[in-house]
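**Student:** Counting from 83, one number per residue, gives the positions in the sequence shown under my numbering.
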Amino acid sequence: MDKYRVFGNPIKQSRSPLIHQSFAESTQQQLNYQSEFVAIDGFKEKIKQFINEQGKGANITVPFKEQALAICDQLSERARLAGAVNTLSFVDGQIIGDNTDGLGLVQDLLRNNVNLKNSKILLLGAGGAAKGVVLPLLEQQPESIVIANRTVSKAEALCHQFTSSENQSKLRACGFENVENDNFDIIINATSASLSGSVPPISEKLIRPDVVCYDMVYGKEQTPFMNWAKKQGSAQVIDGLGMLVSQAAESFAIWRGVKPEVETVISYLRKSLASE
Ligand code: ATR
Numbered sequence: 083m084d085k086y087r088v089f090g091n092p093i094k095q096s097r098s099p100l101i102h103q104s105f106a107e108s109t110q111q112q113l114n115y116q117s118e119f120v121a122i123d124g125f126k127e128k129i130k131q132f133i134n135e136q137g138k139g140a141n142i143t144v145p146f147k148e149q150a151l152a153i154c155d156q157l158s159e160r161a162r163l164a165g166a167v168n169t170l171s172f173v174d175g176q177i178i179g180d181n182t183d184g185l186g187l188v189q190d191l192l193r194n195n196v197n198l199k200n201s202k203i204l205l206l207g208a209g210g211a212a213k214g215v216v217l218p219l220l221e222q223q224p225e226s227i228v229i230a231n232r233t234v235s236k237a238e239a240l241c242h243q244f245t246s247s248e249n250q251s252k253l254r255a256c257g258f259e260n261v262e263n264d265n266f267d268i269i270i271n272a273t274s275a276s277l278s279g280s281v282p283p284i285s286e287k288l289i290r291p292d293v294v295c296y297d298m299v300y301g302k303e304q305t306p307f308m309n310w311a312k313k314q315g316s317a318q319v320i321d322g323l324g325m326l327v328s329q330a331a332e333s334f335a336i337w338r339g340v341k342p343e344v345e346t347v348i349s350y351l352r353k354s355l356a357s358e
C-alpha cells in the first residue's frame, strides 16, 4: 500500500492522518497515511529513511517547512515564493516540493462564496503564513492586495519578491496604522496574534457589514480576531479550519490525481472540535 506521512515537531495534535484517511475512503484509494515526530536536528535523515522505505509523499509542518524546501530537486513557483514547502512527492529518485497552503485558503474563500476577482484584499502579517498565500491570491486576479505588518520592513520585503512580475502594481506594503482610509472587501489575518489572544491593531472603521474577515487560525472557540470583527459589524467571519482541510485536499490531489470533496471532513472536524 502506498505510504504517506506528515512530519513535524510537535506532531501529536496533527489532524492530517484523519483528514487523509477520510479522503482515501471517499475517493476509494488504498493508502496508508501516518504522523511522525521528527527530532529538531533529524529532518533530512528522516526523509532519507522514508524514501528508502518506499514512501510516496509527505506533508511537512512546523518547524521544518523551510528545511523541506532546501532538500527539493524540483520546486513549484508557489513554494519558491512562499519560501516553504508543505508537500513533498518522491518520484523516480527526485524530491518534488510544493506548497498548498495558499491554494487551501483560496479554495476555502471560494467555498464560502467570497468573490476574489477584482476584490480589494487586506492581508495582515508578513511571516510564513502570509508569504504562502500571496501568489495564490494574486492568481485570482484581485484588484489589489495591501500587506500590513507590525514590522513594516517585512511587509515591504514580501512585496519586493514580486517586483519583476506583472502583479507588482497590485501590491502595497504598510504598517497597521496606515490602512485607515482604504475600503477593503476582504481582510485576512495571517498574523499569529490570535495564538496569544490579541488582535492586530487595525482601525475599526475598516469593518463594514459586507467586509469578509478571515482568520487563518482556528480553534474550539472563535478566535480573538473573529470576535473583534463581528463586534465591529462584519457579517461574515470565517476561521481557518476549512483552509486546513482544503490544503490537505490539494496535497492529496498532487499525489493521487483526484481532488477529494472537503465538506464532510470539515463538518466532522467542526463537530469534534466542539466536543473537545
Ligand atoms: P507564521 O509562520 O505563523 O506566519 P511567523 O513567521 O513567526 O509565524 O510570523 C508571525 C506574524 O504574525 C508576523 O507577521 C508577526 O509580525 P512581525 O513580523 O512584526 O513580528 C505577526 N504577529 C505576531 N504576533 C503579533 C501581534 N500580537 N500583533 C500583530 N502582529 C503579530
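Just so it is clear, CB atoms sit at the ideal spot from N, CA and C, and this is done for glycine as well.
Computed from a predicted model, the values in this text were never measured in an experiment.
#1: Determine whether the beta carbon atoms of Met325 and Asp190 lie at a separation below 7 Å.
#2: In the DSSP output, which residue or residues are listed as bridge partners for Phe146?
#3: Is it buried or exposed, Leu219, if we count other Cβ atoms within 10 angstroms and call 16 or more buried?
#4: Mind checking whether the beta-carbon of Lys236 lies closer than 6 Å to any heavy atom of the ligand ATR?
#5: Does the beta-carbon distance from Gln176 to Lys199 come in below 7 Å?
#6: Check whether the region 166-183 and the region 323-343 are in contact - that is, three or more C-beta pairs closer than 8 Å.
#7: So, using beta-carbon positions, are Cys295 and Ala311 closer together than 7 Å?
#8: Are Ile101 and Val327 close, meaning C-beta to C-beta below 7 Å?
#9: Ignoring anything shorter than 3 residues or poking outside the region 285-317, list the beta strand (DSSP E) runs there in chain order.
#10: Could you please give the first and the last residue of the uninterrupted alpha helix (DSSP H) stretch that includes Ile101?
#11: Could you say if the region 245-259 and the region 181-196 meet the contact criterion of at least three C-beta pairs nearer than 8 Å?
#12: Suppose you measure from the CA of Lys202 to the CA of Glu262; what does that come to, to the nearest Å?
#13: DSSP three-state call for Ala140: helix, strand or coil?
#14: Just to confirm before moving on: does the CB-CB distance between Ala237 and Ala255 stay below 7 Å?
#15: Quick check: does the Cβ of Arg232 come within less than 6 Å of any heavy atom belonging to the ligand ATR?
#16: Figure out for me which residue from His242, Thr245, Val144 and Gly301 has the closest Cα to the Cα of Ser357.
#17: Rounded to a whole number of angstroms, what is the C-alpha to C-alpha distance between Glu107 and Arg97?
#18: If you measure from the CB of Ala208, is any heavy atom of the ligand ATR nearer than 6 Å?
#19: Quick check on Ile133: does DSSP put it in helix, strand or coil?
#20: Which partner residues of Ile269 appear in the DSSP bridge assignment?
**Tutor:** Considering the structure as presented:
#1: Looking up residue 325 in the sequence shown gives position 243. Looking up residue 190 in the sequence shown gives position 108. Closer than 7 Å, so yes.
#2: As a position in the sequence shown, residue 146 is number 64, starting the count at 1. DSSP output for Phe146 lists no bridge partner at all.
#3: For the purposes of this step, residue 219 is taken as residue 137 along the sequence shown, with counting starting at 1. Around the beta carbon of Leu219, 16 or more other beta carbons sit within 10 angstroms, so the residue counts as buried.
#4: Taking the first residue of the sequence shown as 1, we reach residue 236 at position 154. Lys236: yes, Cβ under 6 Å from the ligand ATR.
#5: In the sequence shown, residue 176 corresponds to position 94, counting from 1. In the sequence shown, residue 199 corresponds to position 117, counting from 1. Against a cut-off of 7 Å, the Cβ pair of Lys199 and Gln176 comes out as no contact.
#6: yes
#7: As a first step, residue 295 is located in the sequence shown; it is residue number 213 there, counting from the start. As a first step, residue 311 is located in the sequence shown; it is residue number 229 there, counting from the start. It is a contact, given that the beta carbons lie within the stated cut-off.
#8: Looking up residue 101 in the sequence shown gives position 19. Looking up residue 327 in the sequence shown gives position 245. Cβ atoms of Ile101 and Val327: closer than 7 Å.
#9: 294-297
#10: Against the sequence shown, residue 101 aligns to sequence position 19. Element bounds for Ile101: Ser98 to Ser108.
#11: no
#12: Along the sequence shown, read from residue 1 onward, the residue named residue 202 stands at position 120. Along the sequence shown, read from residue 1 onward, the residue named residue 262 stands at position 180. If I take the Cα positions, the gap works out to 14 Å.
#13: Taking the first residue of the sequence shown as 1, we reach residue 140 at position 58. Collapsing the DSSP output to three states places Ala140 in a strand.
#14: The sequence position of residue 237 within the sequence shown is 155, counting from 1. The sequence position of residue 255 within the sequence shown is 173, counting from 1. Yes; because the gap between Cβ atoms is below 7 Å, this pair is in contact.
#15: Translated into positions along the sequence shown, residue 232 becomes position 150. Checking the Cβ of Arg232 against the ligand ATR gives yes.
#16: For this step, residue 357 is matched to residue 275 along the sequence shown. Ranking the options by Cα distance to Ser357, first place goes to Gly301.
#17: For the purposes of this step, residue 107 is taken as the residue at position 25 of the sequence shown. For the purposes of this step, residue 97 is taken as the residue at position 15 of the sequence shown. So the two alpha carbons sit approximately 16 Å from each other.
#18: As a first step, residue 208 must be located in the sequence shown, where it is residue number 126. Checking the Cβ of Ala208 against the ligand ATR gives yes.
#19: Here the question's residue 133 lines up with position 51 in the sequence shown. Here Ile133 sits in helix by DSSP.
#20: Indexing the sequence shown from 1 puts residue 269 at position 187. Checking the DSSP bridge columns, you'll see Ile269 partnered with Leu204 and Cys295.
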